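Residue numbers (our numbering), protein chains in the order written: chain A, 86 to 399; chain B, 86 to 399; chain C, 86 to 399. See structure below.
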Amino acid sequence: MNLNRWKRKDLFGIEVLERDELEFIFEIASDFRAKMDAKDKSLPSLEGQSVVNLFMEPSTRTRVAFEMAATRLQADVITISQGASSLVKGETLRDTAMNIQALGADIIVIRHSSAGSAKYLSKIVDIPVINAGDGAHEHPTQALLDCFTLKKHLGDLNGKKVTILGDILFSRVARSNIWALRKLGADVTIAGPATLVPKSFETMGVTVCHKLEEALYGADAVILLRIQHERQTSTHFPSLGEYTSMFGLNEKRASYLKKGALIMHPGPLNRGVEIDSSLADSGRSVILEQVTNGIAVRMAALYLCSIANKNSTF
Amino acid sequence: MNLNRWKRKDLFGIEVLERDELEFIFEIASDFRAKMDAKDKSLPSLEGQSVVNLFMEPSTRTRVAFEMAATRLQADVITISQGASSLVKGETLRDTAMNIQALGADIIVIRHSSAGSAKYLSKIVDIPVINAGDGAHEHPTQALLDCFTLKKHLGDLNGKKVTILGDILFSRVARSNIWALRKLGADVTIAGPATLVPKSFETMGVTVCHKLEEALYGADAVILLRIQHERQTSTHFPSLGEYTSMFGLNEKRASYLKKGALIMHPGPLNRGVEIDSSLADSGRSVILEQVTNGIAVRMAALYLCSIANKNSTF
Amino acid sequence: MNLNRWKRKDLFGIEVLERDELEFIFEIASDFRAKMDAKDKSLPSLEGQSVVNLFMEPSTRTRVAFEMAATRLQADVITISQGASSLVKGETLRDTAMNIQALGADIIVIRHSSAGSAKYLSKIVDIPVINAGDGAHEHPTQALLDCFTLKKHLGDLNGKKVTILGDILFSRVARSNIWALRKLGADVTIAGPATLVPKSFETMGVTVCHKLEEALYGADAVILLRIQHERQTSTHFPSLGEYTSMFGLNEKRASYLKKGALIMHPGPLNRGVEIDSSLADSGRSVILEQVTNGIAVRMAALYLCSIANKNSTF
Numbered sequence: 086m087n088l089n090r091w092k093r094k095d096l097f098g099i100e101v102l103e104r105d106e107l108e109f110i111f112e113i114a115s116d117f118r119a120k121m122d123a124k125d126k127s128l129p130s131l132e133g134q135s136v137v138n139l140f141m142e143p144s145t146r147t148r149v150a151f152e153m154a155a156t157r158l159q160a161d162v163i164t165i166s167q168g169a170s171s172l173v174k175g176e177t178l179r180d181t182a183m184n185i186q187a188l189g190a191d192i193i194v195i196r197h198s199s200a201g202s203a204k205y206l207s208k209i210v211d212i213p214v215i216n217a218g219d220g221a222h223e224h225p226t227q228a229l230l231d232c233f234t235l236k237k238h239l240g241d242l243n244g245k246k247v248t249i250l251g252d253i254l255f256s257r258v259a260r261s262n263i264w265a266l267r268k269l270g271a272d273v274t275i276a277g278p279a280t281l282v283p284k285s286f287e288t289m290g291v292t293v294c295h296k297l298e299e300a301l302y303g304a305d306a307v308i309l310l311r312i313q314h315e316r317q318t319s320t321h322f323p324s325l326g327e328y329t330s331m332f333g334l335n336e337k338r339a340s341y342l343k344k345g346a347l348i349m350h351p352g353p354l355n356r357g358v359e360i361d362s363s364l365a366d367s368g369r370s371v372i373l374e375q376v377t378n379g380i381a382v383r384m385a386a387l388y389l390c391s392i393a394n395k396n397s398t399f
Numbered sequence: 086m087n088l089n090r091w092k093r094k095d096l097f098g099i100e101v102l103e104r105d106e107l108e109f110i111f112e113i114a115s116d117f118r119a120k121m122d123a124k125d126k127s128l129p130s131l132e133g134q135s136v137v138n139l140f141m142e143p144s145t146r147t148r149v150a151f152e153m154a155a156t157r158l159q160a161d162v163i164t165i166s167q168g169a170s171s172l173v174k175g176e177t178l179r180d181t182a183m184n185i186q187a188l189g190a191d192i193i194v195i196r197h198s199s200a201g202s203a204k205y206l207s208k209i210v211d212i213p214v215i216n217a218g219d220g221a222h223e224h225p226t227q228a229l230l231d232c233f234t235l236k237k238h239l240g241d242l243n244g245k246k247v248t249i250l251g252d253i254l255f256s257r258v259a260r261s262n263i264w265a266l267r268k269l270g271a272d273v274t275i276a277g278p279a280t281l282v283p284k285s286f287e288t289m290g291v292t293v294c295h296k297l298e299e300a301l302y303g304a305d306a307v308i309l310l311r312i313q314h315e316r317q318t319s320t321h322f323p324s325l326g327e328y329t330s331m332f333g334l335n336e337k338r339a340s341y342l343k344k345g346a347l348i349m350h351p352g353p354l355n356r357g358v359e360i361d362s363s364l365a366d367s368g369r370s371v372i373l374e375q376v377t378n379g380i381a382v383r384m385a386a387l388y389l390c391s392i393a394n395k396n397s398t399f
Numbered sequence: 086m087n088l089n090r091w092k093r094k095d096l097f098g099i100e101v102l103e104r105d106e107l108e109f110i111f112e113i114a115s116d117f118r119a120k121m122d123a124k125d126k127s128l129p130s131l132e133g134q135s136v137v138n139l140f141m142e143p144s145t146r147t148r149v150a151f152e153m154a155a156t157r158l159q160a161d162v163i164t165i166s167q168g169a170s171s172l173v174k175g176e177t178l179r180d181t182a183m184n185i186q187a188l189g190a191d192i193i194v195i196r197h198s199s200a201g202s203a204k205y206l207s208k209i210v211d212i213p214v215i216n217a218g219d220g221a222h223e224h225p226t227q228a229l230l231d232c233f234t235l236k237k238h239l240g241d242l243n244g245k246k247v248t249i250l251g252d253i254l255f256s257r258v259a260r261s262n263i264w265a266l267r268k269l270g271a272d273v274t275i276a277g278p279a280t281l282v283p284k285s286f287e288t289m290g291v292t293v294c295h296k297l298e299e300a301l302y303g304a305d306a307v308i309l310l311r312i313q314h315e316r317q318t319s320t321h322f323p324s325l326g327e328y329t330s331m332f333g334l335n336e337k338r339a340s341y342l343k344k345g346a347l348i349m350h351p352g353p354l355n356r357g358v359e360i361d362s363s364l365a366d367s368g369r370s371v372i373l374e375q376v377t378n379g380i381a382v383r384m385a386a387l388y389l390c391s392i393a394n395k396n397s398t399f
């Protein structure tokens, strides 16, 4: 394995990555994925290394996925979650990170409500920093697992039509996916209520489309976003019911997609809101496969950043 | 070790088990227990397997016991607790379980407030599900550790008189113990305030007795239940003091038990409420032994379900 | 390594230790520290042992440090934190500890709001108990890491002047440091608002000084304490601003210290309150070094108590 294709200490976002770096992560992840299935224990190992999960926004799904990924690489995982924040009380984020490094951590995985926090930390500490979601900015491992899943099914993404549907404006998943898909050559359409899908995203090289049927028409895949109704204010759309009736994916709307198109969702699902239950459980849905692929992709991210940090010439 | 005696993927309750299955768990647990004492490291191993503790009701005692048991078998443990429930927010229990399986978990240990939840999940996922308490329904590993402890002291339970005293109506511990003790041939008496010890339990093959002295008379063991005063409404008995004066176990009442009878309690103790402090610390109390046996029994449960799942013909 | 110099099962405080015991902990910690730097894996091991972190007061910093230390020794760590207290609800501290021992824990690390709790538990259980802070009483591993850091820079502490500045009255860090520094022969001065630095501390062999310049003059090191403004009532000093203007360490005040004097702080830092930001980041600050040394010192404490418990003649 020629590891010269990865020279970064950190993974703080998709925007800065080259296409070849993305492809290289997928190759490594593919290798890990195969070994997971085969229960093959001959995995490269981070044994004796400490991964600190610094989760300053609530999250179980992503935290557990990183714990699983790190554990499979035989690393030790220590989780610091929002609740347990006396490390943090009255302390700057910079001091928190410097302390975690001084405690002997080998890698920091951070989720934080502020856009740019992961990149900021990556400049401060010498150890790798992996972004597990920074505000509405980026969620790079989610985009990596989405694209990894798309490639498994569709092969080369060049010229493939991928539609992202939902709350684009506040979604770090959407932003990271747009960067990744565009770098991989896909044609990206974003759709949803006009208040949540602003024209300004066109500067990212996507088609903005407020007519749902047009957005879905002929798409190779649709990535649904979660309507975060616990955070939603009334200003962006009238009601959940309104959203579902206008943008919820149902059998009729799904029929506009290309035959055999993939239906994706980062979870957790609001069944009956952004997606009909029957579609979520249909053969077209690859939602659970995304979850499994997320382990492989995160293993690759932890492994590559760790290796690059230890021995940049190896 | 002939493992053909255990063929179940799951342990969701005692009700469905055969007597020989109970005996087989005790044999395996007995083996584990001896190795724990001897600090013998040659334990069968779940190395590289991930146990997910899904605790959707607060619990420290049982969660820590499962963590300890899994850790001794060299499994990795990931805990998802009620507080950290964004995995779960707006998500069905079915989706949560499917996600945990997709993340690569090898075993799920679940505590949940709904009766039947563990059995429900066992049908949904391919991996083993172990019930750590489902509502007021069953708490099978508690009953297993109680019966294991009884057998260590009393030998064969056939014809032995075991009295369960306290809040039977709302107690999953009582239900699982009644099933287990009856299958093992013990005579079971249940006692406590009439509002909490309804006649309908007679259909489970027990004697319902509202006269405490009669219930205790000649018993080989008494299992006290915790008065869960944080949940208690005033409708079931007038006050804690009232309960203690009428049903709290004290020296006088304990004198009705058979000489050398065992005093048991699942913890945590309300000293001075359901039991006098001096009795809890007396030689007749096997309360701490129950805790230690709980590790061995849970190791057996994790091990057997895991092995049966991997290789049913082995 | 002649381990006869350590015969204690527990580390519940500095007050009871002999100077030679302190020196021995430092020797062991120094060894661990060197191996940490060299990524030398040939560490003595607590493999297969379970460390239970019983944290009944909120703490992330100390909890994570103990987790890191135990993990480096290959022990398994199970954390029971304040929130997850059903183990504990309606249960005496004694019963909680007896239960943890019955669950098979090999070491208990306890933080508790009551002075004396760690010593109390050490009498109750047979396994080692390490105090991670008991009320305003002692925080022995903090004092050990502070003195370890001081010795690395200053050599023998005999006759060295160390000033502790801040809220002495409510500080377990101050108490443990006073005991440790006095045993090691240092001259200790305590300073801060008169309400927080009572004359009565003179009985511990320290100089009480309310004039800041005099307290700092010629000191080889100053240990700042955190102003715990979240706990502070108005009775002890008028306001944070008042404290900073009278006792906050700034460049001018630091100039009274001996040339090359060390600036120390147990963290988390209130930048701009008890210390100027520029001083915290200056070459004189050894604050992050303290954090790293804390791992080595805690490894030594876990190791020595564990070994002494297993084989007192070895």
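We put the CB at the ideal spot given by N, CA and C, even for glycine. These figures come from a predicted structure and were not determined experimentally.
DSSP bridge partner residues for residue i (one or two, in chain order)
i      : result
A:A276 : A:L250 and A:C294
C:N138 : C:T164 and C:V194
C:F370 : Before going on, a small fix: residue 370 of chain C reads as Ser here, not Phe. The partner list for C:S370 (beta bridge, DSSP) reads C:I348.
B:I215 : B:L96 and B:V194
Local Cβ density within 10 Å of residue i, reported as buried at 16 or more and exposed below that
i      : result
C:S340 : exposed
B:A169 : A caution first: B:A169 carries a pLDDT of 49, below 50, which makes its placement in the model unreliable, though a value can still be read off. Its Cβ being crowded by 16 or more others within 10 Å, B:A169 is buried.
B:T280 : exposed
A:K268 : buried
B:N262 : buried
A:A119 : exposed
C:K245 : buried
B:I275 : buried
A:M183 : buried
Cβ of residue i within 8 Å of any chain C Cβ
i      : result
A:T177 : yes
A:I165 : yes
B:E152 : yes
B:G357 : no
A:A393 : no
CB contact check: residue i to chain A, cutoff 8 Å
i      : result
B:N378 : no
B:S171 : Unreliable positioning characterises B:S171 in this predicted model, as indicated by a pLDDT of 48, which lies under 50. A coordinate reading is not provided.
B:N138 : no
C:P353 : yes
C:T226 : no
C:M349 : no
C:T423 : The first residue shown for chain C is 86 and the last is 399, placing residue 423 of chain C beyond what the model contains.
Reference residue i, options the options, closest by Cα
i      : options                           : result
C:I308 : C:V136, C:K204, C:Q227 and C:T329 : C:Q227
C:H350 : C:R311, C:I185, C:V382 and C:H321 : C:R311
B:D122 : B:K395, B:A381 and B:A393         : B:A381
A:G240 : A:A190, A:L102, A:F111 and A:Y388 : A:F111
B:S256 : B:P278, B:E176, B:H222 and B:S362 : B:H222
A:T248 : A:D305, A:L373 and A:D180         : A:D305
A:I215 : A:F233, A:A190 and A:D231         : A:A190
B:Y438 : B:L266, B:I212, B:Y302 and B:A300 : Residue 438 of chain B is absent from the model: chain B starts at 86 and stops at 399.
B:G47  : B:G379, B:K337 and B:E336         : Absent from the structure is residue 47 of chain B, since the part of chain B shown begins at 86 and ends at 399.
Residue-level contact to chain B via CB, residue i, 8 Å cutoff
i      : result
A:T181 : no
Cβ pair count under 8 Å reaching 3, the stretch 159–166 of chain A against the stretch 130–148 of chain A: When Cβ pairs closer than 8 Å are counted between the two stretches, the stretch 159–166 of chain A is seen to touch the stretch 130–148 of chain A, the count reaching three or more.
Touch test, the stretch 144–154 of chain B against the stretch 342–357 of chain A, Cβ-Cβ under 8 Å, three pairs minimum: At 8 Å Cβ cutoff, the stretches do not touch.
Counting Cβ pairs, one atom from each stretch, are 3 or more of them under 8 Å apart for the stretch 355–368 of chain C and the stretch 325–334 of chain C? The answer is yes - the stretch 325–334 of chain C touches the stretch 355–368 of chain C, with three or more Cβ pairs under 8 Å.
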